[in-house]
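Undergrad: One structure follows; several queries about it will come next.
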Amino acid sequence: MGDELLIVNADDWGASVAVTDAIARAHAAGAITSTTGMVFMADSVRAATLARERGLPTGLHLNLTEALDGPGVGAEHAARHARLRAHFADLPRRRWRYTRAVRRDVAAEIAVQLAEHRRLYGAPPGHVDSHHHVHVCPDVLLSPALPRGTRVRQTRSAPPGAGAPRTPQALASTAKATLMRRRFTTTSRFWAIADVHPALGGAGLDAALAAARGRTVEVMVHPGFPDELPLLLADDWRAFVAAARAGDYGALRPSSRRRASAMRLPG
0 MGDELLIVNA DDWGASVAVT DAIARAHAAG AITSTTGMVF MADSVRAATL
50 ARERGLPTGL HLNLTEALDG PGVGAEHAAR HARLRAHFAD LPRRRWRYTR
100 AVRRDVAAEI AVQLAEHRRL YGAPPGHVDS HHHVHVCPDV LLSPALPRGT
150 RVRQTRSAPP GAGAPRTPQA LASTAKATLM RRRFTTTSRF WAIADVHPAL
200 GGAGLDAALA AARGRTVEVM VHPGFPDELP LLLADDWRAF VAAARAGDYG
250 ALRPSSRRRA SAMRLPG
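Residue numbers (numbering that gives the first Met the number 0): 0 to 266.
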């Protein structure tokens with residue numbers, strides 16, 4: 000697929016039966032190209048079986064912010080996860096500050112969720128993103144548990160056609176995006192459906208398609224949200240995906256800086 004690729008990824012696979020089924024509908028309709036699964040959640044086991052049966056490319060939706068309500072969580076694991084949820088409760092602060100004290104808990108939790116994904120799906124995840132985008136927090140972003148070259152979701156980009164604002168936070172976000180491209184295998188742009196769909200105030204599907212030309216782009220969607228699923232099943236959205244050079248993270252090539260040293264996820 001060269002250096003042009005549109006990934007439409009559905010978050011929260013396995014969070015619940017209702018969410019899994021909504022994502023499965025979107026995949027069957029050609030509205031998404033991949034999903035990211037939550038482990039140790041209510042529908043994680045069934046979701047893994049469905050993904051294998053349907054050939055749905057699946058990554059890991061790292062969860063450090065929502066209580067684990069599925070089987071297989073021991074007391075020590077539950078206590079560690081509770082500590083991490085408390086730590087990441089203040090997300091605006093955590094997005095920009097590194098806290099050395101949690102580094103072992105973060106690394107251990109990433110490792111156990113990667114291992115559980117491998118157990119459920121029989122393979123390492125195709126890529127990694129996270130619930131509430133905690134993977135862009137320095138505590139996770141700099142963790143050695145995510146090796147260099149891992150396929151990881153980029154930080155949020157300016158919407159299609161919009162110039163990057165020059166605020167201090169925007170400049171810091173640009174610097175973080177550059178760091179991610181150097182450290183991981185990631186896309187050049189990352190948008191949410193609200194950035195592109197006109198019904199949600201976005202730039203418009205034609206504008207998004209034009210802005211995606213010649214670039215690698217991920218669009219994040221949530222079919223489990225009642226306001227998004229009808230938009231994803233509509234003809235205009237499915238035509239948008241069909242018109243693009245669409246695929247999943249497996250088609251994303253490492254940058255030339257990392258090709259010689261890119262590492263696979265452990266497992």
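We put the CB at the ideal spot given by N, CA and C, even for glycine.
#1: Restricting to runs no shorter than 4 residues, where is the alpha helix (DSSP H) found entirely within the segment 30-91?
#2: For Ala110, which residues in the same chain have their Cβ closer than 7 Å to its Cβ, ignoring the five residues on either side in sequence?
#3: Put Glu227 into one of helix, strand or coil per three-state DSSP.
#4: If you check the beta carbons only, do Arg298 and Phe189 fall under 7 Å apart?
#5: For Val151, which of Asn8, Arg79, Ala28 has the nearest alpha-carbon?
#6: Comparing alpha-carbon positions, which option in Ala174, Ala66, Pro56 lies nearest Arg82?
#7: Might you give, ordered along the chain, the residues of its own chain that have their beta carbon closer than 7 Å to the beta carbon of Pro167, omitting 5 neighbours on each side?
#8: Based on the DSSP secondary-structure assignment, which residues constitute the bridge partners of Trp12?
#9: Under 8 Å by Cβ, that's how I've got Thr19 and Asp2 pegged, so tell me the actual separation to the nearest angstrom.
#10: Note down the Cα distance separating Glu115 from Leu228, rounded to an integer number of angstroms.
#11: Helix, strand or coil, according to DSSP, for Pro265 in the structure here?
#12: Can we say the segment 26-38 touches the segment 87-96, given the rule of at least three CB pairs closer than 8 Å?
#13: Could you pull the DSSP bridge partners for Trp190 from this structure?
#14: If we count the other Cβ atoms within 10 Å of its Cβ and call it buried at 16 or more, is Thr184 buried or exposed?
TA: On the basis of the data shown:
#1: 43-53, 74-86
#2: Residue 110 sits at position 111 when you count from the first residue of the sequence shown. Excluding sequence neighbours, Ala110 sits near Ala144.
#3: Against the sequence shown, residue 227 aligns to sequence position 228. Coil.
#4: Since the first and last residues shown for the chain are 0 and 266, residue 298 lies out of range.
#5: Here residue 151 refers to the residue found at position 152 of the sequence shown. For Val151, the nearest C-alpha among the options comes from Asn8.
#6: As a working mapping, residue 82 is identified with position 83 in the sequence shown. Ranking the options by Cα distance to Arg82, first place goes to Ala66.
#7: Residue mapping note: residue 167 aligns to position 168 of the sequence shown, counting from 1. Correct list: empty, nothing qualifies.
#8: Mapped onto the sequence shown, residue 12 falls at position 13. According to DSSP, which records beta bridges pairwise, Trp12 is partnered with Gly36.
#9: Start at 1 with the first residue of the sequence shown, and residue 19 comes out as number 20. Start at 1 with the first residue of the sequence shown, and residue 2 comes out as number 3. About 33 Å separates the two Cβ atoms, so there is no contact after all.
#10: Within the sequence shown, residue 115 is the residue found at index 116, counting from 1. Within the sequence shown, residue 228 is the residue found at index 229, counting from 1. Across the structure, Glu115 and Leu228 are spaced so that their CA atoms are roughly 28 Å apart.
#11: For the purposes of this step, residue 265 is taken as residue 266 along the sequence shown, with counting starting at 1. Residue placement at Pro265 is flagged as unreliable, the pLDDT there being 45, under the threshold of 50; a coordinate-derived value is accordingly withheld.
#12: Touching, no, given that fewer than three Cβ pairs across the two stretches are closer than 8 Å.
#13: Within the sequence shown, numbered from 1, the residue matching residue 190 stands at position 191. According to DSSP, which records beta bridges pairwise, Trp190 is partnered with Val218.
#14: Counting from 1 along the sequence shown, the entry for residue 184 is found at position 185. Thr184 is buried by the Cβ-count criterion.
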